[in-house]
Amino acid sequence: MFGIGMPEMILIAAIALIVLGPKKLPDLAKSLGRALREFKKATTELKESIDVDNELTDVKKAFDEMNDDIREAVDVNIDFDNKTQKVSASSNDKKAKKNQTRKRLKDL
7 MFGIGMPEMI
17 LIAAIALIVL
27 GPKKLPDLAK
37 SLGRALREFK
47 KATTELKESI
57 DVDNELTDVK
67 KAFDEMNDDI
77 REAVDVNIDF
87 DNKTQKVSAS
97 SNDKKAKKNQ
107 TRKRLKDL
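The opening residue of the sequence shown carries number 7 in this note's numbering; numbering runs sequentially from there.
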């Protein structure tokens, strides 16, 4: 844990016992335990938050891809509608010319 071996931990405990005394050492251990528990909890929450962010990024990518596909489909549809209108207009022009030609032929 943190690169500290058993001999180092025994030395730290002995120094803490000498400096703080036997009465305050259990309170210090409780406080240290609570602090480590809170740190672990915060670390876990941070990891979960990062995982959620990664999942949201994946979902956003999927929506962006679908959005691009929809835009392409709409562009194709608009292009098709424009071509249909041009063909319809051309057909109407040809019908009008055909009717004019028939009228002229009848007048002759």
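By construction, the Cβ of each residue, glycine as well, lies at the ideal position given by its N, Cα and C atoms.
Under the three-state DSSP convention, the category residue i falls into
| i | result |
| --- | --- |
| Gly39 | helix |
| Leu114 | coil |
| Lys47 | helix |
| Lys29 | coil |
For residue i, the first and last residue of its enclosing alpha helix (DSSP H)
| i | result |
| --- | --- |
| Ile21 | 12-26 |
Beta-carbon proximity check, residue i vs residue j, cutoff 7 Å
| i | j | result |
| --- | --- | --- |
| Leu42 | Leu31 | no |
Close beta carbons around residue i, own chain, < 8 Å, minus the five adjacent residues each side
| i | result |
| --- | --- |
| Ala95 | none |
Closer than 6 Å: residue i CB and nearest the ligand COA heavy atom
| i | result |
| --- | --- |
| Asp70 | By its list of ligands, the structure shown contains no ligand whatsoever, and the ligand COA lies outside what it can speak to. |
C-beta neighbour in chain B for residue i, strict 7 Å
| i | result |
| --- | --- |
| Asp75 | In the structure shown, chain B cannot be found, because there is only a single protein chain. |
Entirely enclosed beta strand (DSSP E) segments - the stretch 72-100, minimum 3 residues: For the stretch 72-100, not a single whole beta strand (DSSP E) run of length 3 or above is found.
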